[in-house]
Amino acid sequence: MSAAYNLHRFLTAQAPTYNTVLAELRAGRKSSHWIWFIFPQIAGLGHSAMAQQFAIGSLDEAKAYLQHPVLGPRLRECAQLVLDVEGRSAEEIFGYPDYLKFRSCMTLFMSA
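Counting in the numbering used here, the final residue of the sequence shown is number 116, and the numbers go up one at a time with none missing.
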């Protein structure tokens, strides 16, 4: 099912940055550029090339993402790291506008 949605694009993008993502989330502050392929949003919300490349096209694609043996656990791990940050809001962790992207991602995958 992941081939039908080209989920490999997320694996390719995450490969060189995933350890950095984990470190930044553990530190409670995103400081590099990875939001699009770690916390993807539904298509139509972002207009940049990155937002479009990593947009989730449907609820079925979101379900496939969650069921993927690597991407699903990574999304859950990263979301948990955000929850584990004490005393900081999503806006403080991600900054503007990335905290809105995070919220959109969580809304999408909660529905999946």
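A virtual CB, placed ideally from N, CA and C, is assigned to each residue, including glycine.
Asked                                                                                           : Found
Whole-angstrom distance between Arg92 and Glu65, CA atom to CA atom                             : 31 Å
Reference Glu95, options Thr21, Leu29 and Ala7, closest by Cα                                   : Leu29
Residue closest to Phe106, alpha-carbon to alpha-carbon, out of Ala59, Arg13 and Asn23          : Ala59
Length at least 4, wholly inside the stretch 6-58: the alpha helix (DSSP H) runs in chain order : 12-18, 22-31, 39-42 and 53-57
Beta-carbon spacing of Ile39, Asp102 below 8 Å                                                  : yes
Distance, Thr21 Cα to Gln56 Cα                                                                  : 19 Å
Rounded distance between the beta-carbons of Ile42 and Leu112, thought under 8 Å                : Not quite, the Cβ-Cβ distance comes to about 13 Å (not below 8 Å), so this is no contact.
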